[in-house]
Amino acid sequence: MLVVKIGGGTGIDYDLIADDVSRLVRAGNKIVVVHGGSALTNEVSEKLGHPPEFLTSVSGYTSRRTDKRTLEIFEMVYCGQVNKGVVERFQQRGVNAVGLSGIDGRLWEGPRKSVIKVIRNGRKMVVRDDFTGKVEKVNTGLLVSLLEQGYLPVLTPPAISYEGEAINVDGDRAAAMTAAALSAETLVILSNVPGLLEKFPDESSLIRKIPADEIEQFMDVAKDRMKKKVMGAMEALADGVGKVIFADGRVENPLTRALEGEGTVIGG
Amino acid sequence: MLVVKIGGGTGIDYDLIADDVSRLVRAGNKIVVVHGGSALTNEVSEKLGHPPEFLTSVSGYTSRRTDKRTLEIFEMVYCGQVNKGVVERFQQRGVNAVGLSGIDGRLWEGPRKSVIKVIRNGRKMVVRDDFTGKVEKVNTGLLVSLLEQGYLPVLTPPAISYEGEAINVDGDRAAAMTAAALSAETLVILSNVPGLLEKFPDESSLIRKIPADEIEQFMDVAKDRMKKKVMGAMEALADGVGKVIFADGRVENPLTRALEGEGTVIGG
Amino acid sequence: MSDKKLECPECAGSVELKADTMEGEIVQCGDCGVELEVTKGDSAFALQPAPEEEEDWGE
Amino acid sequence: MSDKKLECPECAGSVELKADTMEGEIVQCGDCGVELEVTKGDSAFALQPAPEEEEDWGE
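Residue numbers (my numbering), protein chains in the order written: chain A, 1 to 268; chain B, 1001 to 1268; chain C, 2001 to 2059; chain D, 3001 to 3059.
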């Protein structure tokens, strides 16, 4: 079993990814796809007059300010345009994809952080009406039933809180939880960088191999969004996933090349 | 088995509908929900600078001009904001809904009308790059598997063409095909009118009962969008659905009241 | 463009296009009555039989 | 609003709010150092212990 996270950043080539994943599915690999949509969400939010706001937590993490209106736009882009665009690409390549968000069938369930502390315009603030959280439970029953019927699950945030509210969650860590819950051998995270870079953005400083028990030391090498990918990798490895690979989603056969070791291979 | 189509028009109260449908699901009824989203799609199209255009066919039907960009906006609203909004409402009421478009798992498949003839600004025109079509095949296997696992399927256009392209289809007739494919006893179509009106918009001119074999005579009574609902009803009845009910989606317990005969009951 | 005269592909009769005719427009041949679609050749308009209409419609 | 003096709910020490303090802002008590959240009473500001931080984050 293989879980593939496709980043939402600019430069990601969905057609190349769909070509490669379709070949691997037809070759009999059981695959679950997870995707993001952050770049597009920023654009659409601007156009709809609700410009995105990013909050920095007191410990330095950034995340999208997610009030109710933002969540609606988030769903429009992630669950509408991007998810159905990815599903359509697989259908055109003869792979019967089924697109689902974490709300559907309570696929991704977890606690909503009802209160967050942030730095906002230089002030330390408490924000209460933010709909973010994390994935703690994965509905593997639904996923396994779809896989057994020959479907390719294509999953997207948002997830759902235990109170049944849609919540914005980090796609990489949702993918990690999904990989762990399905006891996947491999989790591949494709994004618009070749992998974990020693000296970002110098692509020649690619770190090729990291033993599973040393990944934590790379937390501070990882910048901003990559930090969450590293957290996701750590959680996946801790929960039994064989290996995690960070690889480039802008090239041809990105998944095949990642599985052959092109990128940052952690564990395994 | 009961298929419920929730109209996309203004005035539809999703919370009241979710309350009622949840009660019926908990009472053991097997239900499939289908929804639209036309009113909202117009709004969002305007804001995104791609104002909606409606084409009138040579024989008088209107439909949304659906080029590629329109389809993306259509997916954002139908599959994103509306679908996940409906699914979230059911989750909050303890009903485990799964939202799917017709593209997912090739749930609704049919021919794309590659060429259409329309009246556009008074001119008779041929339009080729329009992504509209109709539903001919329903993936009942996927629906039955979800129902058996205790999920509530919540379905939305678009559908998928035999070539694997997303196509805009009429939600009412897709609901009719779904009801027929599942051999449902009843198809209920909830919209922002009490039912089929003899003299639209006079709501006191509600037609209460129509024998199945007389429905065709009411084609010309039905105005514009209602015409397609009547066509859907005819197709459903012809394909074995027990009865079709047009009822008001703006009231409390809309589905329960429809099943008790409030609205226009056709056949049965 | 001034009014243009084209030959009907069905009956070779002459079909007059008004000045404001648009690509994709449907016109009728005055002689045989067939429906014709105005297409854009490399530079000038051309005519081909208009496609048949299928009845179904999107939302 | 000129600088305001409020009482710390933990140690009853006095906490001075700057003029541009906003609702939801977190301030520290000068005496006991506890973090306090500025809330809006019916008319004036009030103070309550700031919530604990949980580490996880949305996308």
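Even glycine gets a Cβ: it sits at the ideal position worked out from N, Cα and C.
First through last residue of the alpha helix (DSSP H) which encompasses residue i
| i | result |
| --- | --- |
| E1235(B) | 1224 to 1238 |
| D1015(B) | 1014 to 1026 |
| R1038(B) | Strictly speaking, residue 1038(B) in this sequence is Ser, with Arg absent from that position. Residues 1038 to 1047. |
| T256(A) | 254 to 259 |
| K68(A) | 68 to 75 |
| F90(A) | 83 to 92 |
| R1173(B) | 1171 to 1181 |
8 Å Cβ cut-off: residues of chain B touching residue i
| i | result |
| --- | --- |
| A1967(C) | Any answer about residue 1967(C) is impossible in this case: the structure gives chain C only from 2001 up to 2059. |
| S145(A) | S1145, Q1149 |
| N96(A) | G1105, R1106 |
| I160(A) | E1088, Q1091 |
Contacts around residue i, its chain only, beta-carbon distance under 7 Å, and the 5 residues preceding and following it disregarded
| i | result |
| --- | --- |
| K1243(B) | T1186, V1265, I1266, G1267, G1268 |
| L1011(B) | Checking the sequence shown, residue 1011(B) turns out to be Gly, not Leu. Excluding sequence neighbours, G1011(B) sits near N1192, R1250. |
| G2058(C) | Interpretation of G2058(C) is limited by its pLDDT of 44, a score under 50 that renders its predicted location unreliable; no figure is taken from the coordinates. |
| K1228(B) | D1170, D1172, R1173 |
| T56(A) | T62, V118, I119 |
| C2032(C) | C2008, E2010, C2011, G2013 |
| L1142(B) | G1105, L1107 |
Residue i at chain D interface by Cβ criterion, 7 Å
| i | result |
| --- | --- |
| K124(A) | yes |
| G11(A) | no |
8 Å Cβ cut-off: residues of chain A touching residue i
| i | result |
| --- | --- |
| P3051(D) | V115, K117, V126 |
| L1048(B) | V44, K47, L48 |
Contacting residues, own chain, Cβ-Cβ under 6 Å from residue i (five flanking each side not counted)
| i | result |
| --- | --- |
| S1038(B) | G1008 |
| G36(A) | G7, G8, G171 |
| M2001(C) | Caution is warranted here: a pLDDT of 47 is assigned to M2001(C), below 50, making its placement in the model unreliable, and the coordinate value is therefore given only provisionally. Cβ within range, chain order: A2019. |
| K1030(B) | M1001, L1147 |
C-beta neighbour in chain A for residue i, strict 7 Å
| i | result |
| --- | --- |
| D1248(B) | no |
| E3010(D) | no |
| K1084(B) | yes |
| N1029(B) | no |
| G1164(B) | yes |
| E1136(B) | no |
| V1251(B) | no |
| E1072(B) | yes |
| G1232(B) | no |
| G3058(D) | Unreliable positioning characterises G3058(D) in this predicted model, as indicated by a pLDDT of 45, which lies under 50. The coordinate reading is nonetheless provided below. True, the Cβ-Cβ gap to chain A drops below 7 Å. |
Chain B within 7 Å of residue i, Cβ atoms only
| i | result |
| --- | --- |
| G105(A) | yes |
| E75(A) | yes |
| E2023(C) | no |
| E198(A) | no |
| G8(A) | no |
| G110(A) | no |
| G80(A) | yes |
| G99(A) | yes |
Beta-carbon neighbours of residue i, restricted to chain A and to distances below 7 Å
| i | result |
| --- | --- |
| E3016(D) | By Cβ distance, chain A contributes nothing, its closest Cβ being about 16 Å from E3016(D), past 7 Å. |
Listed by chain order, chain B residues near residue i by CB distance under 7 Å
| i | result |
| --- | --- |
| V87(A) | I1103, D1104 |
| C2037(C) | Note that residue 2037(C) is Glu in the sequence shown, not Cys. What E2037(C) touches in chain B: V1126. |
| Q217(A) | The premise fails here: Q217(A) is roughly 39 Å from chain B at the closest Cβ pair, so nothing lies under 7 Å. |
| G195(A) | The premise fails here: G195(A) is roughly 31 Å from chain B at the closest Cβ pair, so nothing lies under 7 Å. |
| G37(A) | Per Cβ cutoff of 7 Å: no residues; G37(A) is ~10 Å from chain B at best. |
Beta-carbon neighbours of residue i, restricted to chain B and to distances below 9 Å
| i | result |
| --- | --- |
| Y151(A) | D1104, G1105, L1142 |
Start-to-end residues for the beta strand (DSSP E) that takes in residue i
| i | result |
| --- | --- |
| S3014(D) | 3014 to 3017 |
| P3135(D) | Residue coverage of chain D in this structure runs from 3001 to 3059, which leaves residue 3135(D) outside it and unanswerable. |
| V244(A) | 243 to 248 |
| S1063(B) | 1062 to 1064 |
| K117(A) | 116 to 120 |
| I1103(B) | Here I1103(B) belongs to no beta strand (DSSP E), and DSSP marks it neither H nor E. |
| V1251(B) | No beta strand (DSSP E) contains V1251(B), which DSSP labels as neither H nor E. |
| S191(A) | 186 to 191 |
| E2007(C) | 2004 to 2007 |
| S57(A) | 54 to 57 |
| K1113(B) | Looking at the DSSP string, K1113(B) is not in any beta strand (DSSP E), and its letter there is neither H nor E. |
Proximal residues to residue i (C-beta, below 8 Å), its chain only, five neighbours per side dropped
| i | result |
| --- | --- |
| S45(A) | P51, P52, T70, I73 |
| E1165(B) | R1112, F1131 |
| K199(A) | S205 |
- Message: My parser needs the alpha helix (DSSP H) runs of 4 or more residues fully inside the stretch 124 to 166 of chain A; what are they?
- Response: 140 to 148
- Task: Jot down the residue ranges of each uninterrupted beta strand (DSSP E) in the stretch 1193 to 1221 of chain B, minimum 3 residues, whole runs only, in chain order.
- Result: none
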